[in-house]
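In this note's numbering, the protein residues as written are 806 to 1071. Cβ atoms here follow ideal geometry from the backbone N, Cα and C, with glycine treated the same way. All of these numbers come straight from a predicted model, not from anything done at the bench. All remarks here apply to the structure that follows.
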């Protein structure tokens, strides 16, 4: 990260160029120079954390039904990439473009990328498995030696959620792991800088930033960092930069990085 400029996170790996939550998308984002990447995790029926955003499989795979009702083997048999426009450019489907991505595989790839990288992990709720999502997440991070920042092996993990109780569970299970309170609407007190359960980073959506132009300044005045999602075009990027966001979560990491490179240094 260049001093004085925000971190750039590839949302779902950079979902504009390649299929979201595929290993190919994450590796491309890192090659493009993203400071970090973002993923969503859900728990399978047999207890594995997989990187899928939606509760149902219909939009991003050739399967149907709920992710939580499937085993890892059942999900691994599906195609998670051929729906994307980029598939037309391939002579034949490649596993990294179409295969289900588990959190374990993503962590292994990030640890092997050869440079420091930040990973934002969003736990999805409501879930039929409730608190087990965070318990399995912390167990996974512990296996990869990622629950303490000093043992991160080049990967710095931050956990995000719209569910305040999920943040409380992370604080209890892994107090050294930073947390982001995601915001689509503004709960009471948050506009004045109060975040729940020890969260030090606020994650407002771009629509909320548009409607509450003083929000980022208020959060900063209260001592919190801000990561804004999902910033994909010129007007939104200009607004977020003007408001002094600490992190930009985007489907288009190369676009954001290029604009930051062209911006005058302050």
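Contiguous beta strand (DSSP E) elements confined to the segment 817-861 occur at 841-848, taking only those with 3 or more residues. Taking the Cα positions, residue 925 is about 22 Å away from residue 1064. Taking every protein chain shown into account, the CB of residue 1038 has fewer than 16 other CB atoms within 10 angstroms, so this residue is exposed. In this structure, the alpha-carbon of residue 814 lies about 24 Å from that of residue 931.
Straight through space, the alpha carbons of residue 1023 and residue 892 are spaced by roughly 43 Å. For residue 1060, the enclosing alpha helix (DSSP H) covers residues 1058-1067. Residue 932 sits in coil when the DSSP states are folded into three classes, being neither helix nor strand.
Boundaries for residue 993: no beta strand (DSSP E) harbours it, and the DSSP string shows neither H nor E there. Closest in alpha carbon position to residue 851, among 962, 937 and 912, is 937. Contact between the segment 997-1007 and the segment 1025-1034 is present: three or more C-beta pairs spanning the two stretches fall below 8 Å.
The beta carbon of residue 914 sits closer than 8 Å to the beta carbons of 828, 831 and 832 from its chain, once the five residues preceding and following it are set aside; these are given in chain order. Comparing C-alpha distances from residue 967 to each of 949, 916, 1004 and 981 shows the shortest one belongs to 1004.
Going by DSSP, residue 900 is part of no beta strand (DSSP E) but of the alpha helix (DSSP H) stretching over 900-903. Residue 1018 and residue 1002 have their alpha carbons spaced roughly 25 Å apart. Nearest in C-alpha terms to residue 992, of all of 906, 1067, 1020 and 935, is 1020. Residue pairing by DSSP places residue 814 opposite 841 and 1054 in a beta bridge.
Secondary structure of residue 1020 (DSSP, three-state): helix. Minimum Cα-Cα distance from residue 848 among the listed residues 810, 981, 825 and 933 corresponds to 933. Under the rule that a run must span 4 or more residues, the alpha helix (DSSP H) segments found entirely inside the segment 958-987 read 969-978.
For residue 1009, the enclosing beta strand (DSSP E) starts and ends at 1006-1009.
According to the DSSP assignment, residue 1033 belongs to the beta strand (DSSP E) that extends over 1030-1033. Sequence-distant partners of residue 837 (beyond 5 residues in either direction) whose C-beta falls short of 7 Å from its own C-beta, in its chain, are 1058, 1059 and 1062. Only buried fits residue 1009, as 16 or more other CB atoms lie within 10 angstroms of its CB. Counting along the chain, the unbroken alpha helix (DSSP H) around residue 1044 starts and ends at 1039-1048. A Cβ-Cβ separation of about 24 Å leaves residue 853 out of contact with residue 835 under the 8 Å criterion.
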